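K.L.:
First, the structure itself, so that you have it in front of you.
Structure below.
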C-alpha cells in the first residue's frame with residue numbers, strides 16, 4: 001500500500017457515508033470470499049461494497065478518487081482472465097441491479113428509454129432492458145414466452161450476469177460475431193469516473209456528454225478522426241473484428257459510429273470495467289430456435305474437419321464445435337459417442353454440428369440443407385442426424401463434459417486454466433496442429449482442445465499448479481511461445497471471448513501493434529486519467545502481470561479439492577444474499593489452510609474460523625443443488641454437513657446416538673412438545689412465544705451446544721391418529737399386509753405435524769387422511785404399517801453432521817421397508833420428496849446387504865404415484881377454477897419430478913404457475929426455524945413474486961418446505977395432494 005494511502009478504517013468510514021453500513025463489508029471473511037473469481041489470479045480487496053443505486057455508485061467513484069484507491073466492478077465473478085478482482089474497493093453488483101423489462105421494437109425519433117405501455121404490442125420482446133445484475137439465462141427465461149432470446153450464449157449463461165456479458169463482450173457457441181454483446185446492443189446508460197451519467201438512447205446524449213464531460217466528448221471525437229485517418233489501421237481493425245476478438249478495447253466502435261456518446265457506449269462493451277460503470281442496457285433480441293437437428297461428424301484428419309467448417313457455415317448451420325483426437329479419446333465412453341470414434345487415427349477429429357430453426361414450416365428446409373452438405377464432406381464414418389431431444393442432449397454432454405473431465409483428474413494443488421484464442425479459419429488446421437506441439441513441448445500432453453470451429457475459436461484446458469516457482473516458470477515460457485504462435489505465426493487473437501484481463505494485458509501490443517495500442521492507451525487516459533478503474537486489466541506496463549498474483553491452492557478436504565472456483569454454483573445457493581456461496585465457502589477453506597501453514601497468523605485464523613462457524617457452516621442449507629450446477633459435481637452441502645459433525649460437542653453426538661436408537665420415543669416427545677407449543681401460543685400469543693423461543697434458542701446453543709428451533713405460527717397441529725387405511729374392516733396388521741397392493745409410509749414430519757400449515761381446525765384432514773382418500777378413489781388397497789411410527793430416513797440427523805445416527809436410522813428403515821414390501825414385491829410410497837431422495841440416493845450410507853435390498857425395492861414419491869394414477873385413468877380430475885402457485889422442492893427437482901408436478905397440477909387447476917424466482921427455500925428440515933434470517937433471505941424474491949400474483953392456492957411437495965414458505969411469504973402453502981383431492985372429489989361431495 002502506498003505511503004499516502006488511507007487506512008482501511010478511514011476508507012470504510014468514507015464508504016459508510018455513501019451507503020448503509022451493512023453494505024460496506026470489511027471483515028476478513030467477506031474480503032477473502034471475494035478475493036477469487038473464476039480465473040487463476042487472486043487479490044484480497046481492502047473493502048467490499050454493495051451499492052444499489054446510481055447515486056451510491058457516484059459516491060464510490062468519489063471516495064476512490066479522493067483517497068486514490070482503485071476499484072473494480074464485479075457481477076457474477078465468472079470471468080476467466082482475472083478482471084473481477086482487486087486489492088482496492090470491490091463493488092459487488094448482486095443486489096439491486098436486477099431490473100428487467102421487455103420492450104417493443106424501437107420507434108423512430110423516440111427515446112429507447114421512454115416508458116410506454118406496450119403490453120399489447122405484438123413486437124413486445126423485440127428488445128429488452130436489463131440491469132447489470134441480471135443473470136443471462138434469466139433474461140432468456142423472461143423472453144421465452146415471446147419466442148425471443150438475447151444474442152450472447154456463453155457457457156456460463158446460467159451464472160454470469162449482464163454486467164459481465166457487456167464488460168467482456170461475451171459470445172458463445174452459436175452466436176458468433178454478429179450476435180455478440182457489441183452487435184446486439186441497442187443502448188446503454190453508463191457512468192464515467194468523473195461523474196457524468198449518459199443514456200446513449202437519448203436524442204440529446206451528445207449534448208449531455210459535452211455538458212457533463214466536455215473534455216471526454218472532444219477527446220472521443222478527436223480519437224475517432226485520428227483512427228479513421230489511418231487507412232492501414234482501419235483495414236486492420238475491420239479485418240480483426242470479422243472474427244471473435246476481445247483483446248484490448250473495441251476500436252471498431254470508432255469506425256462503426258459517429259456520435260461520441262454512442263461511440264463511448266460501444267467502447268464500454270469489452271472494456272472490463274476499466275472505463276466506467278454500466279447501469280442499464282437495452283439489447284435487441286433474436287428469434288429463439290425451437291427446432292434443432294444435431295449430429296457428431298467424424299473425420300480421419302483434423303484438416304478435413306476444419307475445411308468442412310466452411311461448407312457447413314455456408315449451409316446455414318448454427319453451431320460447429322471442434323473436438324480434436326485427444327478430446328475424443330477422453331470422452332469416448334460418454335453415452336452417445338459413435339463407436340467409430342474409437343477407431344479414428346491420431347490426426348482424427350470430430351465436429352458437433354447443429355442446425356436450428358424457429359418455426360415448424362422451416363424444418364424441411366433445415367433437413368434438406370443438412371443432408372445436402374453431407375455429400376460434400378470427407379467423413380470417416382456415416383453421419384446420423386437426430387431431432388430427438390434426449391439424443392441431442394447426450395451429444396452436447398460430450399462437448400460440455402470435456403471441461404469436467406480435466407477438472408475431475410487434477411492433482412491436489414492444481415488449478416484448471418481455460419485459454420481462449422482465435423485464428424483465421426483458413427489457418428485453423430495448422431494452428432491446432434501447432435498448439436498440440438506446443439502442449440507437448442511444455443509438458444501439457446493431456447490438454448483438452450475444443451472450440452467454436454465456425455469462428456476459428458479454440459479453447460484448451462490445462463492442469464497447472466502455481467505452488468512452486470518452477471511451475472510458474474513453465475507456465476510463463478508456455479505463454480510466451482503461445483503469444484508468438486497466435487500473433488506472429490497465425491495472425492490470430494489472444495482472447496476471442498474471455499476478455500483480456502490480467503492474463504493477456506502485457507501482450508496487447510504484440511497482437512495489435514504500436515499504433516493501435518497507443519490509441520487504446522489514449523482512450524484509457526482520457527476517460528480514467530487517474531487509472532483507478534481496474535488498473536492492470538486490459539492495458540498494463542507490467543510485463544510480468546500475467547504471472548503475478550497467482551492462485552496458490554493449498555490442499556483442502558477431498559470433497560472440495562476439485563473446485564476451480566468458477567462460480568457456476570452461486571445462483572442456486574439460498575444463502576448467497578445472506579452469508580456465503582458454495583464457491584466462497586471453499587475459497588475460505590483454502591484461506592484457512594494457508595493460514596494454518598503460515599507461522600504467526602493464528603489470530604487471523606481464529607477470527608476466520610469464528611466467523612466461518614456461522615457464515616460457512618450454520619447458514620448453509622445443505623440442499624445439494626450446488627452439485628447439479630457444478631461442472632465437476634461438488635456437493636458443498638455434503639462437506640458442510642461433515643464439518644458440522646466434526647464441530648459438534650461430544651454430548652451432542654451422544655444425544656444424537658441415543659435418539660437414533662429410540663426414534664419412536666423422539667417422535668412422541670416432539671408430538672407432545674408441539675401440542676404444548678400450540679397451547680402456549682393460544683395463551684400467550686404467537687409473538688410472545690416466538691420471542692421466548694428466540695431466547696431459548698440462544699441459551700440452548702450456549703449451554704448445550706445445540707440450537708433449538710424458533711417458533712413459527714405456520715407450524716401445523718399434531719394429527720390425532722394414523723388414519724384408517726383402505727383395508728377391509730377388521731383387518732389387523734398382518735391381514736392388512738396380505739391384502740395391500742401399496743405400502744404408504746407417512747414421513748416422520750407428517751406423523752408429527754401432519755396438518756397443512758395454518759390449519760387451525762383439527763377437524764381438517766391430515767395429509768395421511770388425504771393420501772388414504774386418494775387411494776380409495778383410485779381403487780388401490782393402501783396399508784400404513786403399525787410400526788411406521790419411529791421410522792425415519794435420518795435426514796434431520798445428517799443435516800447436523802450426525803452421520804452415524806443417520807446411517808443407523810436409514811439402515812433400519814430399509815430393513816422395515818424390505819419387510820413391508822414383501823421383499824420388494826409391493827411398492828412403497830412416501831409423501832415427502834426429501835425423504836424419497838435420501839432413500840433412493842443413500843447407498844453410500846448403507847452396508848452391502850441393505851444396498852442390495854434397496855435396489856430391489858420400488859420406492860415411489862407421491863408426485864410420480866399421483867401422476868401414474870391420473871395418467872392411467874385410476875383417478876379422474878377436473879380443473880378447478882383456480883390460479884395456483886407451485887414450489888417444486890429441491891428434492892423434487894433433483895428427483896426429476898418437477899415437470900410431473902406441474903402436469904399433475906395442470907389437470908387440477910385452471911392456471912398453474914411456477915415462480916420465475918423459484919429457489920431453494922432454505923428450510924432444509926428445521927434449518928429455516930433455527931436461522932429464520934436464512935429462510936427470509938432465500939425466499940425474498942420468490943415471495944415478492946408470489947404475493948404479487950394473487951393466487952388462489954399455493955402448493956409444494958414437502959411439509960417442512962410448506963411450513964417455511966408459509967412463514968416467510970405470508971401465504972399458506974399445502975401439499976399438492978390437497979389440490980389433487982379437491983380436483984378428484986366427486987361432484988357434490990363435501991371435503992373429507
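In UniProt numbering, the protein residues as written are 1 to 992.
All residues carry an ideal CB built from backbone N, CA and C; glycine is no exception.
This structure is a prediction, so every number in the text was calculated from the model and none was measured.
Suppose the cutoff is 7 Å on Cβ atoms and the five residues either side in sequence are ignored; what does the same chain contact list for residue 456 look like?
P.N.:
By 1-based counting over the chain shown, the position of residue 456 is 456. Around residue 456: 243, 422, 423, 424, 425, 428.
K.L.:
Going by beta carbon distance, what residues of the same chain come within less than 7 Å of residue 210, once the five residues before and after it are set aside?
P.N.:
For the purposes of this step, residue 210 is taken as the residue at position 210 of the chain shown. Here the set comprises 217.
K.L.:
Would residue 349 and residue 333 qualify as a contact pair, given that the criterion is a beta-carbon distance under 8 Å?
P.N.:
Counting from 1 along the chain shown, the entry for residue 349 is found at position 349. Counting from 1 along the chain shown, the entry for residue 333 is found at position 333. Contact check for residue 349 against residue 333 fails: the beta carbons are separated by 8 Å or more.
K.L.:
Taking 8 Å as the threshold, find out whether the region 73 to 83 comes into contact with the region 488 to 504 through three or more Cβ pairs.
P.N.:
Short answer: they touch.
K.L.:
DSSP on residue 199, reduced to helix/strand/coil?
P.N.:
Indexing the chain shown from 1 puts residue 199 at position 199. Strand at residue 199.
K.L.:
Using three-state DSSP, classify residue 836 as helix, strand or coil.
P.N.:
Residue numbering aside, residue 836 sits at position 836 when the chain shown is read from its first letter. Residue state, collapsed to three classes: helix.
K.L.:
Tell me the residue span of the alpha helix (DSSP H) that contains residue 606.
P.N.:
What you label residue 606 is simply residue 606 of the chain shown in a count that begins at 1. Judged by DSSP secondary structure, residue 606 falls within the alpha helix (DSSP H) whose first and last residues are 602 to 612.
K.L.:
Can you tell me whether residue 750 is helix, strand or coil according to DSSP?
P.N.:
Translated into the one-based positions of the chain shown, residue 750 becomes position 750. Residue 750: helix per DSSP, three-state reduction.
K.L.:
Sort out for me which residues DSSP pairs residue 71 with in a bridge.
P.N.:
For the purposes of this step, residue 71 is taken as residue 71 along the chain shown, with counting starting at 1. Residue 71 is bridged to 89, 533.
K.L.:
Determine contact between the region 552 to 566 and the region 292 to 309, defined as no fewer than three beta-carbon pairs at a distance below 8 Å.
P.N.:
no
K.L.:
Quick one: grab the DSSP three-state call for residue 129.
P.N.:
Within the chain shown, numbered from 1, the residue matching residue 129 stands at position 129. Correct three-state label for residue 129: strand.
K.L.:
Would you mind reading off the limits of the alpha helix (DSSP H) that contains residue 626?
P.N.:
For the purposes of this step, residue 626 is taken as the residue at position 626 of the chain shown. Run containing residue 626: 625 to 629, per the alpha helix (DSSP H) assignment.
K.L.:
Along the chain, where does the beta strand (DSSP E) that runs through residue 953 open and close?
P.N.:
Position 953 of the chain shown holds residue 953. Taken as a continuous stretch (DSSP letters only), the beta strand (DSSP E) holding residue 953 covers 953 to 956.
K.L.:
Checking the sheet assignment: what are the DSSP bridge partners for residue 24?
P.N.:
Mapped onto the chain shown, residue 24 falls at position 24. According to DSSP, which records beta bridges pairwise, residue 24 is partnered with 49.
K.L.:
Assign residue 547 to one of three DSSP states: helix, strand, or coil.
P.N.:
Position 547 of the chain shown, counted from the start, is the residue given in the question as residue 547. It is helical.
K.L.:
Going by DSSP in three states, residue 294 sits in which element: helix, strand or coil?
P.N.:
Position 294 of the chain shown, counted from the start, is the residue given in the question as residue 294. DSSP places residue 294 in strand when its eight states are reduced to three.
K.L.:
In angstroms, rounded to a whole number, what distance separates the CA positions of residue 388 and residue 595?
P.N.:
The count along the chain shown starts at 1 and reaches residue 388 at position 388. The count along the chain shown starts at 1 and reaches residue 595 at position 595. Using only the alpha carbons, I get a separation of about 52 Å.
K.L.:
Measure the C-alpha to C-alpha separation of residue 152 and residue 438 and round it to an integer number of angstroms.
P.N.:
Residue mapping note: residue 152 aligns to position 152 of the chain shown, counting from 1. Residue mapping note: residue 438 aligns to position 438 of the chain shown, counting from 1. For residue 152 and residue 438, the distance between alpha carbons rounds to 31 Å.
K.L.:
Could you work out which residue in 852, 712, 129, 682 is closest to residue 965 when comparing CA atoms only?
P.N.:
Residue 965 sits at position 965 when you count from the first residue of the chain shown. Residue 965 has its Cα closest to that of 712, out of 852, 712, 129, 682.
K.L.:
For my contact list, residue 280 and residue 99 are in at a C-beta cut-off of 8 Å; report their separation, rounded to the angstrom.
P.N.:
Sequence index remark: in the chain shown, residue 280 carries index 280 (1-based). Sequence index remark: in the chain shown, residue 99 carries index 99 (1-based). Contact holds; Cβ gap of about 7 Å.
K.L.:
Quick check on the DSSP output: what are the complete alpha helix (DSSP H) runs of length 4 or more inside the region 218 to 270, in order along the chain?
P.N.:
If we require 4 residues or more, the alpha helix (DSSP H) runs fully inside the region 218 to 270 come out as 231 to 240, 253 to 256, 260 to 268.
K.L.:
Thinking C-alpha only, which one of 310, 952, 647, 932 is nearest residue 612?
P.N.:
Within the chain shown, the letter at position 612 stands for residue 612. Nearest option by C-alpha distance: 647.
K.L.:
Quick check: the Cα distance between residue 267 and residue 132, rounded to an integer number of angstroms?
P.N.:
Position 267 of the chain shown, counting from 1, holds the residue named residue 267. Position 132 of the chain shown, counting from 1, holds the residue named residue 132. Cα to Cα, the separation comes out at about 16 Å.
K.L.:
Would a C-beta distance cut-off of 8 Å place residue 442 and residue 473 closer than the cut-off?
P.N.:
What you label residue 442 is simply residue 442 of the chain shown in a count that begins at 1. What you label residue 473 is simply residue 473 of the chain shown in a count that begins at 1. With contacts defined by Cβ atoms closer than 8 Å, residue 442 and residue 473 do not form a contacting pair.
K.L.:
Provide the residue span of the alpha helix (DSSP H) that contains residue 960, from first to last.
P.N.:
As a working mapping, residue 960 is identified with position 960 in the chain shown. First-last of the alpha helix (DSSP H) with residue 960: 959 to 969.
K.L.:
Can you tell me whether DSSP reads residue 946 as helix, strand or coil?
P.N.:
Indexing the chain shown from 1 puts residue 946 at position 946. Residue 946 falls in the helix class under three-state DSSP.
K.L.:
Just to confirm my understanding: we take residue 766, look at its own chain, exclude 5 residues before and 5 after, and list those with CB closer than 6 Å. What are they?
P.N.:
As a first step, residue 766 is located in the chain shown; it is residue number 766 there, counting from the start. If we look at residue 766 and ignore the five residues flanking it on each side, its Cβ neighbours are 719, 754, 755.
K.L.:
For residue 636, which residues from the same chain have a beta carbon less than 6 Å from its beta carbon, with the 5 sequence-adjacent residues on both sides left out?
P.N.:
Position 636 of the chain shown, counting from 1, holds the residue named residue 636. So the qualifying residues of the chain are 582, 585, 626.
K.L.:
Roughly how far, in whole angstroms, is the beta-carbon of residue 862 from the beta-carbon of residue 831, given that I think they are within contact range, below 8 Å?
P.N.:
Indexing the chain shown from 1 puts residue 862 at position 862. Indexing the chain shown from 1 puts residue 831 at position 831. Correct: roughly 5 Å between the Cβ atoms.
K.L.:
Report yes if the C-beta distance between residue 336 and residue 398 is below 8 Å; otherwise report no.
P.N.:
Locating residue 336 in the chain shown gives position 336, counting from the first residue. Locating residue 398 in the chain shown gives position 398, counting from the first residue. Yes, they are a contact pair.
K.L.:
DSSP state of residue 61, grouped into three classes?
P.N.:
Indexing the chain shown from 1 puts residue 61 at position 61. The three-state secondary structure of residue 61, taken from DSSP, is helix.
K.L.:
Could you check whether the region 10 to 28 touches the region 376 to 393, counting it as contact only if at least three pairs of C-beta atoms, one from each stretch, sit closer than 8 Å?
P.N.:
A contact is defined here as three or more CB-CB pairs under 8 Å, and the region 10 to 28 fails this definition with respect to the region 376 to 393.
K.L.:
The alpha helix (DSSP H) with residue 892 in it runs from where to where?
P.N.:
Reading the chain shown from its first residue, position 892 is the one you call residue 892. 890 to 894 is the extent of the alpha helix (DSSP H) around residue 892.
K.L.:
Could you check what DSSP says for residue 172 in three-state terms: helix, strand or coil?
P.N.:
On the chain shown, position 172 is the one that residue 172 refers to. Correct three-state label for residue 172: strand.
K.L.:
Taking Cβ to Cβ, would you say residue 103 is nearer than 8 Å to residue 128?
P.N.:
As a position in the chain shown, residue 103 is number 103, starting the count at 1. As a position in the chain shown, residue 128 is number 128, starting the count at 1. Yes. Within cutoff.
K.L.:
Does the beta-carbon distance from residue 193 to residue 572 come in below 8 Å?
P.N.:
Within the chain shown, numbered from 1, the residue matching residue 193 stands at position 193. Within the chain shown, numbered from 1, the residue matching residue 572 stands at position 572. No, they are not a contact pair.
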